[in-house]
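All remarks here apply to the structure that follows.
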Amino acid sequence: MASSTDDMFETLYCREYEHQIQDGDNEIMPFPVSGVDHQSDAHQTFDGDQDKLDILIKLDEDPYYQGPGTDQVEKWTELNLRGLRCRIPDSISCCKSLRILDISNNSQLDKQEIVKVCGLETVEELDMSNSCITAMPQDITAFKRLTKLNLSQNQLTELPLQLCHLVKLEELDLNHNNIAFITPQVKQFCSLKKLNLSNNPLGEFPLEVCNIKTLENISLAHTGITTVPQNITLLENLKGLSLSSNCLKEFSSTLCELEALETLDISRNYITTVPLKLKQSQRLNKLNLSHNQLEELPISVCKLVRLVTLDLQGNNITTVPPQITQLVNLKAMKLTDNKLEELPLQVCKLERLETLDLKDNHITTVPPQITQLKNLKVLDLSNNKLEELALSLCVLLRLEALHLSGNHITTVPPQIQQLKNLKAFDISNNKLEEFPLPVSELVRQEKLDLRNNNITTVPPQITK
Numbered sequence: 023m024a025s026s027t028d029d030m031f032e033t034l035y036c037r038e039y040e041h042q043i044q045d046g047d048n049e050i051m052p053f054p055v056s057g058v059d060h061q062s063d064a065h066q067t068f069d070g071d072q073d074k075l076d077i078l079i080k081l082d083e084d085p086y087y088q089g090p091g092t093d094q095v096e097k098w099t100e101l102n103l104r105g106l107r108c109r110i111p112d113s114i115s116c117c118k119s120l121r122i123l124d125i126s127n128n129s130q131l132d133k134q135e136i137v138k139v140c141g142l143e144t145v146e147e148l149d150m151s152n153s154c155i156t157a158m159p160q161d162i163t164a165f166k167r168l169t170k171l172n173l174s175q176n177q178l179t180e181l182p183l184q185l186c187h188l189v190k191l192e193e194l195d196l197n198h199n200n201i202a203f204i205t206p207q208v209k210q211f212c213s214l215k216k217l218n219l220s221n222n223p224l225g226e227f228p229l230e231v232c233n234i235k236t237l238e239n240i241s242l243a244h245t246g247i248t249t250v251p252q253n254i255t256l257l258e259n260l261k262g263l264s265l266s267s268n269c270l271k272e273f274s275s276t277l278c279e280l281e282a283l284e285t286l287d288i289s290r291n292y293i294t295t296v297p298l299k300l301k302q303s304q305r306l307n308k309l310n311l312s313h314n315q316l317e318e319l320p321i322s323v324c325k326l327v328r329l330v331t332l333d334l335q336g337n338n339i340t341t342v343p344p345q346i347t348q349l350v351n352l353k354a355m356k357l358t359d360n361k362l363e364e365l366p367l368q369v370c371k372l373e374r375l376e377t378l379d380l381k382d383n384h385i386t387t388v389p390p391q392i393t394q395l396k397n398l399k400v401l402d403l404s405n406n407k408l409e410e411l412a413l414s415l416c417v418l419l420r421l422e423a424l425h426l427s428g429n430h431i432t433t434v435p436p437q438i439q440q441l442k443n444l445k446a447f448d449i450s451n452n453k454l455e456e457f458p459l460p461v462s463e464l465v466r467q468e469k470l471d472l473r474n475n476n477i478t479t480v481p482p483q484i485t486k
C-alpha cells in the first residue's frame, strides 16, 4: 500500500491509545497491593501543592505571618509535597489536622527530615516513596493513627524494626528496595492486611511474614523465591498472593491449602504442571499462570467454579479440555501466545465470557459456535492464520473491540455494520485490496486500523 495512503489511515482513523484487554475496570490479572511508580518522573520539578508550600515557607520566615490561607493551615487534611527539592519547612508542625501526607520523590529526605513530620499524629496515610531513604528514625512510632505507609523505591536493606510498633498500620509498601532480611518482630503487626515486598533480594520465602496473622494480601514478586514453605498455611486470612517472576519450578500443593485465597498470581516461573489439589481452592476468582511451561490447560483449573479471570498466555498449550465449560462465571480468558491450531469449541460455551484473547496462536478458522458468546465485548485474534473474517463474528452484537491484525484476510463482509457497539476495529497487516466501506457505518467507532494492507485508494465519501 502506498505510504501516503497509509499515513491517511493513521491520521483519519487511528487514535493514539491502546485498547487493553480488561475485566471490568481492571486488567486481566490485578493484584491488590502495588507500589506507586515515581521512577519515571524522578527528575521532574516539584509537582505538589505550590500554594500550600508557599504559605509554609513564609511561616518559616515569619512565624507571625498573616496572609491569605494562613488561617486554614491547622485545618488542612491533605498536603502534597511530592518532588520537593529542598528541606521540609519547619512550619509543617502547624498542620494539626493532616490525614494524608505525600513527601515522596525527595532525594533530601533523610532521618532528620522525616523526624519533622513524625509529630503530625493525625496522619493516616504517608507516602515517602522514591526518596533514597536508608533507615527510619525511632520517632516514626509517633504515628499512632497511620494506616497506609508507602516506602517503595528507596534504599532500605531490611524491614525497619520501628515499623512493627505502628499498631494501626494496615498497608505497607516496600516494593523496590534492597531488603534481604525480615525481622522476626514483624509478628507484632496486629492490623497489617497488605504487604508488598516485591523486587527485593530476599532469595527465599520470608518465613517471618507467616506470623502476621492479619495479612490478607502479600506480594513477593521478583524476589528470587525457589520454594513455598508449609508455614504459609498459617496465613488463614490470605486473600491475595503474588509470586510472579520468581524461580519456582513447581506449583506447590501447599498453596491449595490457603482456603481464603481469592487471587493468585504465579506467572513468569518455570511451572510445568498444576496439582489436582488446586480444585480445593474454591474461593479463587483470579488466577494468573501466564508465562510458564504448561503444555495443557490443567483439569484442576476447570474445577474452580468461581473463577472470573484466567490468564494462561505465554505457555505451550495445544488443546483446551471439555471440562472448561465448568467455569460458568468466567468473564476474561487469555490464551495469547500458545500453540492452539483452532478456536476451542468448548470455549464457545462460556456464556458469561466478556474478554477472549487468542492472539499469537495458529488458528485458521472461527467456528459458527462463537455466536453463543452473546456477552463478548473484546475479541483478539491477531497474529493467527485466518483467511477470512467469519460472518459468525458479525453476530456478536455486544462486541466493542475486535482485533484481527496480522492474518491473511482479503475482504470485510457487509455484515460488519451490524456491530453497532464496536469502538475499536484493528484489521491492519492483512491482505485487503479495497477500503471496507461497511465499517464507515459503525457509528461508535473510535479506532479503525487499516495500515499495512494492499489498499491503494480511499473512497472520497470517507475523507469528507
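Using our numbering, the first residue of the sequence shown is number 23, and each one after it goes up by one. In this text, a Cβ means the ideal position worked out from N, Cα and C, and glycines have one as well. Note that the coordinates shown come from a computational prediction; the quantities given were computed from them, not determined experimentally.
* To do: Go ahead and label N476 buried or exposed: buried means 16 or more other beta carbons lie within 10 angstroms of its beta carbon, across all protein chains shown.
  => Locating residue 476 in the sequence shown gives position 454, where the first residue counts as 1. Exposed, since its Cβ has fewer than 16 Cβ neighbours within 10 Å.
* Asked: Among R420, I431, E376, which residue has its Cα nearest to the Cα of E456?
  -> The residue given as residue 456 occupies position 434 in the sequence shown. Ranked by Cα distance from E456, the first of R420, I431, E376 is I431.
* Coarse secondary structure for D379, derived from DSSP in three states -> Reading the sequence shown from its first residue, position 357 is the one you call residue 379. Three-state result, D379: strand.
* Asked: For T358 versus K325, is the C-beta distance shorter than 8 Å?
  -> For this step, residue 358 is matched to residue 336 along the sequence shown. For this step, residue 325 is matched to residue 303 along the sequence shown. Contact flag unset, no.
* Asked: What first and last residue would you give for the alpha helix (DSSP H) that runs through E147?
  -> Here residue 147 refers to the residue found at position 125 of the sequence shown. Counting along the chain, E147 falls outside any alpha helix (DSSP H), though it belongs to the beta strand (DSSP E) covering 147 to 149.
* **Member of C278, P343, S462 whose CA lies at the smallest distance from the CA of P251** => Your numbering for residue 251 matches position 229 in the sequence shown. The option with the nearest alpha carbon to P251 is C278.
* For the region 399 to 418 against the region 432 to 446, are there 3 or more C-beta pairs whose distance is under 8 Å? -> yes
* **Where V388 sits in the DSSP three-state scheme** => Position 366 of the sequence shown, counting from 1, holds the residue named residue 388. In this structure, V388 counts as coil in the three-state DSSP scheme.
* Asked: Can you name the start and end residues of the beta strand (DSSP E) that I240 belongs to?
  -> Sequence index remark: in the sequence shown, residue 240 carries index 218 (1-based). It spans 239 to 241 - the beta strand (DSSP E) in which I240 sits, taken as one unbroken run.
* Asked: So, are the CB atoms of S119 and W98 less than 8 Å apart?
  -> Position 97 of the sequence shown, counted from the start, is the residue given in the question as residue 119. Position 76 of the sequence shown, counted from the start, is the residue given in the question as residue 98. The answer is yes: Cβ separation under 8 Å.
* Asked: E16: which of N383, L464, K235 sits nearest, CA to CA?
  -> Nothing can be reported for residue 16, as the shown portion of the chain is limited to 23 through 486.
* To do: Within the region 391 to 422, note down every full beta strand (DSSP E) run reaching 3 residues or more, in order along the chain.
  => Counting whole runs of 3 or more residues, the region 391 to 422 contains the beta strand (DSSP E) stretches 400 to 402.
* To do: Indicate whether D124 and L103 have their beta-carbon atoms separated by less than 8 Å.
  => Here residue 124 corresponds to residue number 102 of the sequence shown, with the count starting at 1. Here residue 103 corresponds to residue number 81 of the sequence shown, with the count starting at 1. Cβ atoms of D124 and L103: closer than 8 Å.
* **Same chain only: Cβ atoms within 8 Å of P481, ignoring 5 sequence neighbours per side** => Within the sequence shown, the letter at position 459 stands for residue 481. The answer, listed in chain order, is F457, L459.
* Are the CB atoms of E509 and K261 nearer to each other than 8 Å? -> Past the edges of the chain, shown from 23 to 486, lies residue 509, and the structure says nothing about it.
* Identify the residues that DSSP records as bridge partners of I259: which are they? -> Counting from one through the sequence shown, the residue named residue 259 turns up at place 237. Per the sequence shown, the amino acid found at residue 259 is Asn instead of Ile. Bridge partners of N259: none, in fact.
* Asked: So what does DSSP say about L264, is it helix, strand or coil?
  -> Sequence index remark: in the sequence shown, residue 264 carries index 242 (1-based). The sequence as given places Ser at residue 264; Leu does not occur at that position. Of the three classes helix, strand and coil, the one that applies to S264 here is strand, per DSSP.
* **For D195 and I136, the rounded distance between their alpha carbons** => Counted from its first residue, the sequence shown places residue 136 at position 114. Counted from its first residue, the sequence shown places residue 195 at position 173. One C-alpha to the other measures close to 17 Å.
* Host beta strand (DSSP E) of D195 (start-end) -> Working through the sequence shown from its first residue, we reach residue 195 at position 173. Taken as a continuous stretch (DSSP letters only), the beta strand (DSSP E) holding D195 covers 193 to 195.
* Exposed or buried, which one is G57 when buried takes at least 16 other CB atoms within 10 Å? -> Translated into the one-based positions of the sequence shown, residue 57 becomes position 35. In this prediction, G57 scores a pLDDT of 38, lower than 50, which makes its location untrustworthy; no coordinate-derived value is stated.
* To do: Report the option in L426, G89, L375, Q315 whose CA atom is closest to the CA atom of S289.
  => Locating residue 289 in the sequence shown gives position 267, where the first residue counts as 1. Taking only the C-alpha atoms, the option nearest S289 is Q315.
* Any idea if S213 is buried or exposed, counting beta-carbon neighbours within 10 angstroms, 16 or more meaning buried? -> Residue 213 sits at position 191 when you count from the first residue of the sequence shown. With fewer than 16 Cβ atoms within 10 Å of its Cβ, S213 is classed as exposed.
* To do: Output the distance between the C-alpha atoms of L424 and N443, rounded to the nearest integer angstrom.
  => Working through the sequence shown from its first residue, we reach residue 424 at position 402. Working through the sequence shown from its first residue, we reach residue 443 at position 421. Rounded to whole angstroms, L424 to N443 spans 11 Å at the Cα level.
* **Cutoff 6 Å; reference N474; Cβ partners in own chain excluding five residues on either side** => Indexing the sequence shown from 1 puts residue 474 at position 452. Closer than 6 Å at Cβ, skipping near neighbours: S450, N451.
* Using only alpha-carbon positions, find the residue among S462, T245, S264, G105 that is nearest to N152. => By one-based count along the sequence shown, residue 152 stands at place 130. Nearest C-alpha to N152: G105.
* Asked: So, is T245 buried or exposed, given that buried needs 16 or more other C-beta atoms within 10 angstroms?
  -> Within the sequence shown, the letter at position 223 stands for residue 245. With 16 or more other Cβ atoms within 10 Å, it is buried.
* Asked: Among L332, E226, K271, L398, which one has its Cα closest to the Cα of F203?
  -> Locating residue 203 in the sequence shown gives position 181, where the first residue counts as 1. Ranking L332, E226, K271, L398 by Cα distance to F203 puts E226 first.
* Asked: So what's D124 in DSSP terms, helix, strand or just coil?
  -> Here residue 124 refers to the residue found at position 102 when the sequence shown is read from its first residue. It is a strand residue.
* **Given 8 Å, three or more beta-carbon pairs between the region 366 to 374 and the region 407 to 414** => They do not touch, by the three-pair rule.
* Asked: Closest by CA to I254, which one among R107, L229, L242, D402?
  -> Within the sequence shown, the letter at position 232 stands for residue 254. Closest by alpha carbon: L229.
* To do: Look at the alpha carbon of H198 and the alpha carbon of I155, and state the distance between them as a whole number of angstroms.
  => Locating residue 198 in the sequence shown gives position 176, counting from the first residue. Locating residue 155 in the sequence shown gives position 133, counting from the first residue. Distance between the alpha carbons of H198 and I155 is about 12 Å.
* Helix, strand or coil at L367 [DSSP, three-state] -> To locate residue 367, count along the sequence shown from 1; it is residue 345. Helix.
* Taking all protein chains shown into account, do 16 or more other C-beta atoms lie within 10 angstroms of the C-beta of T433, making it buried, or fewer, making it exposed? -> Within the sequence shown, the letter at position 411 stands for residue 433. The residue is exposed, with fewer than 16 neighbouring Cβ atoms inside 10 Å.
* **Same chain, Cβ closer than 8 Å to Q160, neighbours up to 5 away in sequence not counted** => The residue labelled residue 160 in the question sits at position 138 within the sequence shown. Cβ within range, chain order: Q184.
* Leaving out five residues on either side along the sequence, give the residues of the same chain with a beta carbon under 6 Å from the beta carbon of E233. => Translated into positions along the sequence shown, residue 233 becomes position 211. The identity of residue 233 in the sequence shown is Asn, whereas the question assumes Glu. Once the five neighbours on either side are set aside, the close Cβ partners of N233 are K209.
* Asked: Cα separation between R374 and L426?
  -> Here residue 374 refers to the residue found at position 352 when the sequence shown is read from its first residue. Here residue 426 refers to the residue found at position 404 when the sequence shown is read from its first residue. Distance between the alpha carbons of R374 and L426: 22 Å.
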